[in-house]
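Shown next, in C-alpha cells, is the structure this report addresses.
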Amino acid sequence: MSTNYDREHGGVSEIRHQKRLLRREVKKVLAQLTDQEMEEQSMRVASRVVDELRMIDSIESMTLFISCPKLKEVDTSLILRRALESSSAEKKVYLPRVLDSDSNMHFLRTRQGDTYDIVPPFGIQEPTLYAPDGSKREDIVESDTPLDVIFMPGLAFSPRGERLGRGGGYYDSFIEKYMIHAKEKGWDTKPTLVGLAFDEQIVQDLIPTDSHDQLVDLIITPSCVYKCSHS
Numbered sequence: 538m539s540t541n542y543d544r545e546h547g548g549v550s551e552i553r554h555q556k557r558l559l560r561r562e563v564k565k566v567l568a569q570l571t572d573q574e575m576e577e578q579s580m581r582v583a584s585r586v587v588d589e590l591r592m593i594d595s596i597e598s599m600t601l602f603i604s605c606p607k608l609k610e611v612d613t614s615l616i617l618r619r620a621l622e623s624s625s626a627e628k629k630v631y632l633p634r635v636l637d638s639d640s641n642m643h644f645l646r647t648r649q650g651d652t653y654d655i656v657p658p659f660g661i662q663e664p665t666l667y668a669p670d671g672s673k674r675e676d677i678v679e680s681d682t683p684l685d686v687i688f689m690p691g692l693a694f695s696p697r698g699e700r701l702g703r704g705g706g707y708y709d710s711f712i713e714k715y716m717i718h719a720k721e722k723g724w725d726t727k728p729t730l731v732g733l734a735f736d737e738q739i740v741q742d743l744i745p746t747d748s749h750d751q752l753v754d755l756i757i758t759p760s761c762v763y764k765c766s767h768s
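Start counting at 1 in the sequence shown, then tack on 537, and there's your number in this note's numbering.
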C-alpha cells in the first residue's frame, strides 16, 4: 500500500540507494590503484594546481584538506606545502576539523610548521584547536575575509560538477552554513568549489543528487581540468 510518506520520500530513498550502489562501485575501482599509481596521479594533479593553473599564487583565502591514504584520496601534501610557504598575513589557509557525527565540520586557519591531531579510525590529520603559542585558531566563520576557493575531496565526480561524497554530508553542510555567513557579511561572491580527483573517479553518467548536494565549479584530475557548466 502506498502512503503519502512513500510518495513524498520515495524519490529521496531511491537517490540514497543509487548513491550507495555507486559508492560501492567506485571503491572497488579505487581499491585496484597501487600506491605508485596514486603517487604519480597526485603529482600531476598538484602540478596542475600549482604550476599550470597557478591557483595558489592568486588565492588570498582558501580551504584545503589533508589527504588520507587509507581513503584513497589525491595526495594534497605538495599543494598544502606550497600554500603554507606562500601564506602571509594576507593569504589564509584553512583546514577541516570534524566536530561531531552530525555533519558538523569547521575550518581552522593553519600556518607553516603546525602539527596536527591524528583522528581514528583512518588516521585523518586535523588541525589542533589551539596554535603552538596557545592562541585559539581562527575559524573561517569568524573571519572578515571571504573565501576564494574551497578544495574538496570526493569519491566520484561528473564533468557537469556533480559530486559523490562518502555519505557524511560534511562539505555540503559546511558550504551551506558558510554561504549564510557570507550573506550576513554582505559578500556577493561565492567561493570556487574545486574537486581534486584521480582519473578513475570521473563518472560520465549522471551522479544522483538531491537539493542539499553542492555542485563543484572545477574538477582537476591528472589528465584533464573540467570546467563544469552545471547543465
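The beta-carbon is built from N, C-alpha and C at its ideal position, and this holds for glycine as well.
Return the bridge partner residues of Ile-663 from the DSSP annotation.
One point to set straight first is that residue 663 is Glu, not Ile, in the sequence displayed. In DSSP, Glu-663 forms a bridge with Asp-654.
Would you identify the three-state DSSP class for Gly-671, choosing helix, strand or coil?
coil
Exposure of Thr-597, with buried meaning 16 or more beta-carbon neighbours within 10 Å
Before going on, a small fix: residue 597 reads as Glu here, not Thr. Exposed, because fewer than 16 other Cβ atoms sit within 10 Å of the Cβ of Glu-597.
Comparing alpha-carbon positions, which option in Leu-692, Gln-741, Asp-654 lies nearest Pro-669?
Asp-654
So for Ile-712, helix, strand or coil by DSSP?
helix
Work out the CA separation of Leu-615 and Phe-588 for me, nearest whole Å.
Before going further, note that residue 588 is Asp rather than Phe in the sequence given. The alpha-carbon atoms of Asp-588 and Leu-615 are separated by roughly 11 Å.
In the DSSP assignment, what are the bridge partners of Arg-646?
Tyr-631
Decide if Phe-659 is buried, meaning its Cβ has at least 16 other Cβ atoms within 10 Å, or exposed.
exposed
At least 3 beta-carbon pairs within less than 8 Å: the stretch 625-642 vs the stretch 699-716:
yes
Would you mind sorting Asp-612 into buried or exposed? The rule is 16 or more other CB atoms within 10 Å of its CB.
buried
Using a Cβ-Cβ cut-off of 7 Å (strictly less than) and excluding sequence neighbours within five positions of Arg-581, which residues of its own chain qualify?
Pro-759
For Ile-687, the first and last residue of its enclosing beta strand (DSSP E)
686-689
Mapping the DSSP letters down to three states, classify Ala-734 as helix, strand or coil.
coil
Nearest-angstrom Cβ-Cβ length linking Ile-744 and Ser-695, presumed shorter than 8 Å
5 Å
Roughly how many angstroms lie between the CA atoms of Ser-595 and Leu-701, to the nearest whole one?
28 Å
Between the C-alpha atoms of Asp-742 and Glu-574, what's the straight-line distance to the nearest angstrom?
24 Å
Assuming Asp-754 and Leu-730 make a contact with CB atoms under 8 Å, what is their CB distance in whole Å?
5 Å
With respect to the alpha helix (DSSP H) encompassing Val-582, which residues constitute its N-terminal and C-terminal limits?
572-584
Can you list, in chain order, the residues of its chain whose CB lies under 6 Å from that of Gln-649, leaving out five sequence neighbours each side?
Leu-621
Our contact map puts Lys-628 next to Leu-567 with C-beta atoms below 8 Å; I'd like the distance itself, whole angstroms only.
Not confirmed; about 32 Å, so no contact.
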